[in-house]
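Contents: one structure, followed by commentary.
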Amino acid sequence: MAMGKADESLRSTRLVFYKEDIEKIAKVLNTFLKNANARCVLLVDKDGHLVTKEGESSTYDMDTISALVAGSFAATKQMAKLLGEEEFSIMFHQGKKDNIQLSLVGERTILAVIFDDKTTLGMVRLYASQVSSKLSELFSEIADRKSEDEKIYQEFGQAAKGKLDDIFGT
Numbered sequence: 006m007a008m009g010k011a012d013e014s015l016r017s018t019r020l021v022f023y024k025e026d027i028e029k030i031a032k033v034l035n036t037f038l039k040n041a042n043a044r045c046v047l048l049v050d051k052d053g054h055l056v057t058k059e060g061e062s063s064t065y066d067m068d069t070i071s072a073l074v075a076g077s078f079a080a081t082k083q084m085a086k087l088l089g090e091e092e093f094s095i096m097f098h099q100g101k102k103d104n105i106q107l108s109l110v111g112e113r114t115i116l117a118v119i120f121d122d123k124t125t126l127g128m129v130r131l132y133a134s135q136v137s138s139k140l141s142e143l144f145s146e147i148a149d150r151k152s153e154d155e156k157i158y159q160e161f162g163q164a165a166k167g168k169l170d171d172i173f174g175t
């Protein structure tokens with residue numbers, strides 16, 4: 006039953022991204038790619054859905070990577086709890102030629118950075134921290150807009166109900 010409450014909480018805090026939001030996010034991610042000299046960056050929600058991506062990604066199956074990123078974070082969260090932590094906010098996987106760093110951004114999204122030996126883990130971590138802060142601020146603005154939109158919809162709904170009551174005399 007607790008899982009149902011958690012799912013409902015995630016649904017109620019889900020952000021809706023408009024075209025302008027994705028453009029702002031893309032600008033932030035492209036600046037990050039240049040500064041960190043990374044190959045590709047993905048923004049994935051905790052449900053495993055790709056929000057957006059920037060950079061060189063033609064050889065990757067983005068849907069599968071997005072799902073695995075979210076799954077990896079979910080598994081690591083359970084490991085963190087076993088170790089007495091709430092969750093780990095950064096994960097790093099090193100390969101022979103490609104590496105990936107996963108960073109939690111806010112409560113709902115994960116920044117996945119794919120990079121090779123043209124940069125260093127230190128550069129990726131430095132700039133990932135900065136981009137995470139910028140994205141968190143942007144997400145707060147979007148959440149504030151969502152609250153304002155919901156207020157407008159509620160007011161409209163109440164006004165429409167009032168008019169219908171007047172028309173039908175109820």
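Following the numbering used here, the numbering of the sequence shown begins with 6 at its first residue and continues without gaps.
We treat Cβ as the ideally placed atom computed from N, Cα and C, and that holds for glycine.
Given the structure is predicted, the values throughout are model-derived calculations rather than measurements.
When the Cα of residue i is compared with those of the options, which residue comes out closest?
i	options	result
F97	G89, V129 and E91	V129
D122	A43, D68, K32 and K58	A43
K101	S108, D26, I119 and R113	I119
Q106	S71, K24 and S145	S71
D181	L38, V74 and D66	Summary: the structure shown does not reach residue 181, with the chain confined to residues 6 through 175, and so no result is reported for it.
G63	Y132, C45 and S145	The amino acid at residue 63 is misidentified as Gly; the sequence shows Ser. The candidate whose alpha carbon is nearest that of S63 is C45.
If you reduce the DSSP assignment to three classes, tell me which class residue i lands in.
i	result
G100	coil
E92	coil
F173	helix
T64	coil
D52	coil
E142	helix
E28	helix
Considering only residues of the same chain and omitting the five flanking positions on each side of residue i, which have a CB-CB separation below 7 Å?
i	result
E91	A85
V49	L55, V56, S71, V74, A75, T114, I115 and A117
Closer than 8 Å by C-beta to residue i: which residues in its own chain qualify, once you throw out the five before and the five after it? Chain order, please.
i	result
L143	D26, K29, I30 and V33
T81	E92, F93 and M96
Can you tell me where the alpha helix (DSSP H) holding residue i begins and where it ends?
i	result
A43	Per DSSP, A43 belongs to no alpha helix (DSSP H) and is neither H nor E.
Which two residues bound the contiguous beta strand (DSSP E) that contains residue i?
i	result
F22	Per DSSP, F22 belongs to no beta strand (DSSP E) and is neither H nor E.
T125	From DSSP, T125 is part of no beta strand (DSSP E); its letter is neither H nor E.
Distance cutoff 9 Å, beta carbons only. Does residue i sit that close to anything in chain B?
i	result
E91	Absent here is chain B; the protein component of the structure consists of one chain.
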